[in-house]
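Residue numbering for the sequence shown follows the working numbering, beginning at 969 and increasing consecutively.
Built from N, CA and C at the ideal position, the CB exists for glycine as well.
Notes to accompany the following structure.
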Amino acid sequence: MKALVYHGPGKKSWDEVPDPTIVDPTDIIVKVDTTTICGTDLHILKGDVPAVTEGRILGHEGVGTVTEVGDAVSTVAVGDRVIISCISACGACSYCHQGLYAHCLAEEGAEGIGWIFGHLIDGTQAEYVRVPFADNSVYKVPEGVSDEAAVMLSDILPTGFEIGVRYGHVEPGDVVAVIGAGPVGLAAIMTAGLYGAARIIAIDLDENRIAKAKDFGATDGVNSGDADWVEQVMGMTDGLGVDTAIEAVGIPATFDACTKIVRPGGNIANVGVHGKPVELRLNELWISDIAITMGLVSTSTTPMLLKLVAQHKLPAEKFATHRFTFDQVMDAYDTFSKAAETKALKVVISG
Ligand code: NAD
Ligand code: ZN
């Protein structure tokens, strides 16, 4: 089969590789019909994720058709169309029992991290993929849900919802600010409405992304390049700040920006993956009763989000801006990595 193989920092190619086979009885093999690229894949290609070794097939998002099933798998059968979750979960360990699949203890060599595709085992940017712990790690796609919509449930929609909206304790009537209107921030914007946010402010440096955010449910947009951006945000609240500030970039400046606009008693939900330590002005913040949360997505809300997608209550397909075939995967990376120029959100790659 063909697959997108990582060959060390800055190097990748669409190579001929051996087909995956069933290793454990809980595995399945899936023919990947649709996959996509995540910002994390770009981090890996920069060499920022040293656990990813040369020869690894990248990708942790995908929708496909089951072609082989291990002896111990009971809930999926050959021919089923499934969403491959970015998190693999055994379903039996203490973290899985809490629904904290992100920290599944069963993945060999993963030290309690459920994200293994395109990281510690071969991923989904391939014609076929081996999926471990299949009973708890794939979701059947209902009739009427397109691949383009379903693939957004592998990672971005549950991430924005679980780590942004839910950890951020969004409640009816709240004012929510989302800093960073990339795919993950837009997923938080799209799902903040589910918990009744009254006002959703998209904050970015890129005017195109701010405009996009309004299509995804943002009521307001603020360019944080403006000198008075904090005042602009305050003017959209009662002057005290937002109830929840969601960080969806992953740099110190945007975490700090959240601390400037959150109201006393409010929440900062950090979604961004940080590569550097971040200064926390606890000496100033402690008196404001701020709750700060962070986390790796568990994808425990995927079944619920999938129901909303199936009922056309969540237009997941909106994230797809560019389409490629598997043999154009290098062009897909090129388009995705130049998002400011190409206006790409999610590039959809199909077989
Ligand atoms: P992205 O790079 O596509 O989008 C980031 C957005 O932030 C862009 O629109 C960019 O213009 C904007 N931005 C950059 N610098 C800014 C600044 N100083 N002020 C305001 N806006 C700024 O990223 P994405 O794919 O949407 O992912 C967002 C973050 O979420 C990343 O850090 C990613 O690694 C992380 N992530 C976390 C999890 C998790 O489980 N916690 C899962 C997936 C992704
Ligand atoms: Zn587990």
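Bridge partners - residue i, DSSP secondary structure assignment
| i | result |
| --- | --- |
| S981 | V973 |
| S1318 | T1002, T1293 |
| G1032 | V1000, V1050 |
| V1106 | I1052 |
| T1212 | V1144, N1235 |
| M964 | Any property of residue 964 remains undetermined from this structure, which presents the chain solely from 969 to 1319. |
| I1025 | V973 |
For residue i, the nearest candidate out of the options (CA to CA)
| i | options | result |
| --- | --- | --- |
| A1278 | R1098, V991, V1109 | V1109 |
| R1177 | P1220, F1101, L1313, A1213 | L1313 |
| T1043 | K999, G1059, E1029, V1143 | G1059 |
| F1292 | I1005, L1274, S981 | I1005 |
| R1024 | A1040, T1033, A971, R1049 | A971 |
| H975 | P1018, M969, T1003 | P1018 |
| I1260 | D1103, W1197, V1230 | V1230 |
| V1146 | G1185, A1117, E1116 | G1185 |
| A1074 | I1055, M1158, S1114 | I1055 |
| D1323 | C1064, V1046, P1126, Y1096 | What the structure shows of the chain is the stretch from 969 to 1319, and residue 1323 is not part of that stretch, so it cannot be assessed. |
| M1204 | T1289, Y1069, A1166 | A1166 |
Classification of residue i by the beta-carbon crowding that lies within 10 angstroms, buried from 16 upward
| i | result |
| --- | --- |
| V991 | exposed |
| W1083 | buried |
| S1266 | buried |
| A1300 | buried |
| N1251 | exposed |
| Q1066 | exposed |
| M1158 | buried |
| K1180 | buried |
| K980 | buried |
| H1087 | buried |
| V1183 | Note that residue 1183 corresponds to Asp in the displayed sequence, not to Val. Per the 10 Å Cβ criterion, exposed. |
Rounded Cβ spacing between residue i and residue j (contact assumed at less than 8 angstroms)
| i | j | result |
| --- | --- | --- |
| V985 | V1000 | With a Cβ gap of about 13 angstroms, V985 and V1000 do not count as contacting. |
| V1316 | V1143 | Wrong, their Cβ atoms sit about 33 angstroms apart, outside the cutoff. |
| P1100 | D987 | Their Cβ separation, rounded to whole angstroms, is 16 angstroms, which puts P1100 and D987 out of contact at 8 angstroms. |
| T1003 | E1029 | 6 angstroms |
| V1190 | Q1200 | 5 angstroms |
Could you name each continuous alpha helix (DSSP H) segment of 4 residues or more that falls completely within the segment 1156-1205, going from the start of the chain to the end?
Assignment of alpha helix (DSSP H) within the segment 1156-1205, counting only whole runs of 4 or more residues, yields 1175-1183, 1197-1202 in chain order.
Whole beta strand (DSSP E) runs in the segment 1224-1260 with 3 or more residues, listed along the chain?
1230-1238
In chain order, each alpha helix (DSSP H) run of at least 4 residues that lies wholly inside the segment 1059-1133:
1062-1065, 1102-1105, 1115-1118, 1124-1127
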